[in-house]
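Undergrad:
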Amino acid sequence: MLGLRDAKPKPSDIDGKMTPPSAFGIRIMSIGFMIDEEQPVIWRGPMAMGALEQLLRDTDWGVLDVMVVDMPPGTGDIQLSMAQRVPVTGAVIVSTPQDIALLDARKGLNMFRKVNVPVFGLIENMSYYKCPECGHIDHVFDHGGAHKAADELNVPFLGEIPLDLKIRLGADEGKPIVHSDPDGEHTKAYGAIADKIAAAIDEQVGPVSEPKKKSLFPKISFK
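The sequence shown: position 130 = 129 (numbering that gives the first Met the number 0), numbered continuously.
(1) Quick test of your reading: Asp57 and Lys16, contact by CB under 8 Å. State the CB separation rounded to the nearest angstrom.
(2) The ligand MN and Thr95: does the residue's C-beta get closer than 6 Å to at least one heavy atom of that ligand?
(3) Suppose the cutoff is 6 Å on Cβ atoms and the five residues either side in sequence are ignored; what does the same chain contact list for Ile92 look like?
(4) Restricting to runs no shorter than 4 residues, where is the alpha helix (DSSP H) found entirely within the region 32-56?
(5) So the candidates are Val85, Ile25 and Pro45; which of them puts its Cα closest to the Cα of Val62?
(6) Can you list, in chain order, the residues of its chain whose CB lies under 6 Å from that of Tyr223, leaving out five sequence neighbours each side?
(7) According to DSSP, is Val68 part of a helix, a strand, or is it coil?
(8) Work out the CA separation of Ile77 and Ala47 for me, nearest whole Å.
(9) With DSSP collapsed to three states, give me the class of Leu215.
(10) Could you tell me whether the region 137-151 touches the region 168-188, using the rule of 3 or more Cβ pairs below 8 Å?
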């Protein structure tokens, strides 16, 4: 999605750590960088969590504005272990509008609440399809389900992202739409969502001085 298909981590100046590949000002680390792209990853929960811990711990991230961990759907071992063993400022739930997808979204949201991780809100992905020729809007996967769920669960609705060929093509070509079409309506939608998440982080942690940063974001350690 970011044009890093053949990228590999490099040894860092810090002993035992890796320098992650980067693109568009974003540093990225993934198990996919370390295995053949057609090789399946068949891991049980503890092994998968161990790999995630290693990626977090053994990567030379440098100074970051924010770290985002993209999690698989559901409430399995990885999500639970991540919430319990790593300092997490907050969670964002992404769901398509249909009922079956929202069931998993609700479970994920409730799991984060049970382990005392703030939920910043809910995003509706593939919310609608807009015909590029006539502008007619179709709700392929229904519409408004995530907004309704956010209201019922008392969390903010952060916004909706459409189903659009340009987004898919940009991801396949490694050119995110926010870069290739910086003034487009989809970029504005992503930007509005990012602004709401940034505001939620500010509200959660407040202005961060160096002493406060150490208490809010302690060094990640694994037992």
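Heads up, the beta-carbon is just placed ideally off N, CA and C, and yes, glycines get one too.
TA: Walking through what the data contain:
(1) Contact flag correct, Cβ pair sits at about 5 Å.
(2) This structure lacks the ligand MN; in fact it carries no ligand of any kind.
(3) Ala104, Gly107, Leu108 and Leu121
(4) 44-56
(5) Taking only the C-alpha atoms, the option nearest Val62 is Ile25.
(6) This structure cannot settle anything about residue 223, because the visible part of the chain is limited to 0 through 222.
(7) coil
(8) Cα to Cα, Ala47 sits roughly 7 Å from Ile77.
(9) The predicted position of Leu215 is uncertain, since its pLDDT is 48 and thus under 50; a value taken from the coordinates is nonetheless stated next. Correct three-state label for Leu215: helix.
(10) The region 137-151 vs the region 168-188: no contact.
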